[in-house]
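In the UniProt record's numbering, the protein residues as written are 1 to 346. No residue lacks a Cβ here, since even glycine has one placed at the ideal position from N, Cα and C. A quick note: this is a predicted structure, and the numbers were derived from the prediction, not measured. Here is the structure we will look at, set down as structure tokens.
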Amino acid sequence: MSQPTSSRGGSNGEARDTDWDGVRLHVVSGKGGTGKTTVAAALALALAAGGRKVLLVEVEGRQGIAQAFDLPPLPYEERKIAVAPGGGDVYALAVDPEEAMLEYLEMFYGIKRVGKALTRMGVVDFATTIAPGLRDVLVTGKTSEAVRRRDKLGRRVYDAVVMDAPPTGRISRFLNVTQEVAGLARVGPIKNHADLVRGVLASPETAVHFVTLLEEMPVQETLDGIEELRTTGLPVGGVFVNMVRPAGLPEGVLKAACQGRFDSAELALGLKAAGLTDGRADASAVAEALAREVCEHAQRTELEKRERVALEEADVPRYDLPLLPDGADLAGLYELADALRAQCVV
Numbered sequence: 001m002s003q004p005t006s007s008r009g010g011s012n013g014e015a016r017d018t019d020w021d022g023v024r025l026h027v028v029s030g031k032g033g034t035g036k037t038t039v040a041a042a043l044a045l046a047l048a049a050g051g052r053k054v055l056l057v058e059v060e061g062r063q064g065i066a067q068a069f070d071l072p073p074l075p076y077e078e079r080k081i082a083v084a085p086g087g088g089d090v091y092a093l094a095v096d097p098e099e100a101m102l103e104y105l106e107m108f109y110g111i112k113r114v115g116k117a118l119t120r121m122g123v124v125d126f127a128t129t130i131a132p133g134l135r136d137v138l139v140t141g142k143t144s145e146a147v148r149r150r151d152k153l154g155r156r157v158y159d160a161v162v163m164d165a166p167p168t169g170r171i172s173r174f175l176n177v178t179q180e181v182a183g184l185a186r187v188g189p190i191k192n193h194a195d196l197v198r199g200v201l202a203s204p205e206t207a208v209h210f211v212t213l214l215e216e217m218p219v220q221e222t223l224d225g226i227e228e229l230r231t232t233g234l235p236v237g238g239v240f241v242n243m244v245r246p247a248g249l250p251e252g253v254l255k256a257a258c259q260g261r262f263d264s265a266e267l268a269l270g271l272k273a274a275g276l277t278d279g280r281a282d283a284s285a286v287a288e289a290l291a292r293e294v295c296e297h298a299q300r301t302e303l304e305k306r307e308r309v310a311l312e313e314a315d316v317p318r319y320d321l322p323l324l325p326d327g328a329d330l331a332g333l334y335e336l337a338d339a340l341r342a343q344c345v346v
């Protein structure tokens, strides 16, 4: 695997031992279809490797984490779901906004029983519908609480927390909780809670990462998302380039194919000489089909090169994750986790 394509360093330029030294909350976003949840799961495994304890949080209610780890739907509780390389543990939490609301009522108003009655009456749904910003505060608040939580000895309960966040198109608004609740409350528990959450999300302990493919739309959404985060003062992490295909063919062959200089007749002779075809006509047909595939592959390779150049504009670390030939099953998650560790991101 290639090394990160931009230099590593702290906020004031000092050298660091890892790409995200001091980061404890990793928020993972990306355009739909880029493998956001898969990458978040692999990142949690990579961070937990070597005996650490990591919490993987889902906030959209899709049960994507359960699917990634081939598990039944997860309840609203933190539970161990995987063992990382070297003995680390990955825990998971599927945040339920309604349950988070009940916890909020108990925490700040001491009225959990009333809260359950309100749930039956539909008031909770009503509140989160007319004030969607409150829903985001609740789910991000649950995550930031896990980041801050300590045990009886004062030690952090989790070494890191990974959030499988909403897609790129709404990540800035989702994380910009202070602004979202400004119209709801300017003082009081809601405002104080939002400020506390914002303090975690905007701190050096947080990094917001983007997952992309080497395609025009995902790359542009990634660049737009990074710019929005910088505008709102939220910390940008890295870019995970997912499903990277191996080059497969020498640079000279790809260049010739792009320029229309790929000789299918010569390829047909080579196939025949190698005994891979039964006759001349058969060799020509196979050669022409292969030539078309080589040309398409060369065109895609050139497109991917252009998208890599575009990503350089963001000036953030980038990490390649391979296309998994057998799909993103459980074994694939560990393969991706190994790829992340090999690139010195943890």
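Is residue i helix, strand or coil by DSSP?
| i | result |
| --- | --- |
| V95 | coil |
| Y319 | strand |
| R292 | helix |
| V177 | helix |
| T18 | coil |
| K152 | coil |
| A328 | coil |
| R79 | strand |
| E84 | It is Ala, not Glu, that sits at residue 84 in the sequence shown. Correct three-state label for A84: coil. |
| L138 | helix |
| Q343 | coil |
| G61 | coil |
| G51 | coil |
| V286 | helix |
| E304 | helix |
| E205 | coil |
| L74 | coil |
| A309 | According to the sequence as given, residue 309 is Val; it is not Ala. If DSSP states are grouped into helix, strand and coil, V309 belongs with the helices. |
| V147 | helix |
Where does residue i land, buried or exposed, given buried means 16+ other C-beta within 10 angstroms?
| i | result |
| --- | --- |
| N192 | exposed |
| D315 | exposed |
| R198 | buried |
| R245 | exposed |
| L45 | buried |
| P235 | buried |
| M107 | exposed |
| E221 | buried |
| P189 | exposed |
| G32 | exposed |
| P218 | buried |
| R292 | exposed |
| R341 | buried |
| V28 | buried |
| G225 | buried |
| L323 | exposed |
| V152 | One point to set straight first is that residue 152 is Lys, not Val, in the sequence displayed. K152 comes out exposed. |
| residue 350 | Outside the modelled stretch of the chain, which goes from 1 to 346, sits residue 350, for which no answer is possible. |
| A247 | exposed |
Take residue i and list the residues in its own chain whose beta-carbon comes closer than 8 Å to its own, dropping the five residues that flank it on each side.
| i | result |
| --- | --- |
| V200 | L25, S144, V147, R148 and T206 |
| R156 | R24, R149 and R150 |
| Q3 | Its pLDDT being 39, under 50, Q3 is placed unreliably in this model, and the value from its coordinates should be taken loosely. The residues are Q343 and C344. |
| D96 | G61 and Y76 |
| A202 | G233, L234 and P235 |
| E99 | Y76 |
| Y91 | K53, V54, L55, L56, E78, R79, K80, I81 and Y158 |
Based on DSSP bridge pairs, tell me the residues matched to residue i.
| i | result |
| --- | --- |
| F210 | S29 and V239 |
| L56 | A92 and V162 |
| V244 | P322 |
In chain order, what residues of the same chain lie with their CB nearer than 6 Å to the CB of residue i, ignoring the 5 residues before and after it?
| i | result |
| --- | --- |
| E304 | L214 |
| F174 | D136 and P166 |
| N176 | T232 |
| A337 | A42, L45 and A46 |
Since residue i is in the alpha helix (DSSP H), which residue starts that stretch and which ends it?
| i | result |
| --- | --- |
| P218 | E216 to T232 |
| R198 | P189 to L201 |
| Q67 | G64 to A68 |
| V23 | Premise fails: V23 is in no alpha helix (DSSP H) and is neither H nor E. |
| V39 | K36 to A48 |
Looking only at its chain, what residues have a beta carbon closer than 7 Å to the beta carbon of residue i, apart from the 5 residues adjacent to it on each side?
| i | result |
| --- | --- |
| L229 | S172, V208 and V236 |
| G87 | G51 |
| P72 | A66 |
| L330 | F69 and D70 |
| D89 | A48, K53, K80 and V83 |
| L138 | P97, A100, M101 and Y104 |
| G30 | K36, P167, T168, F210, V211 and T212 |
Would you say residue i lies against chain C (beta-carbon separation less than 8 Å)?
| i | result |
| --- | --- |
| P246 | Although the question refers to chain C, the structure presented lacks it and comprises just one protein chain. |
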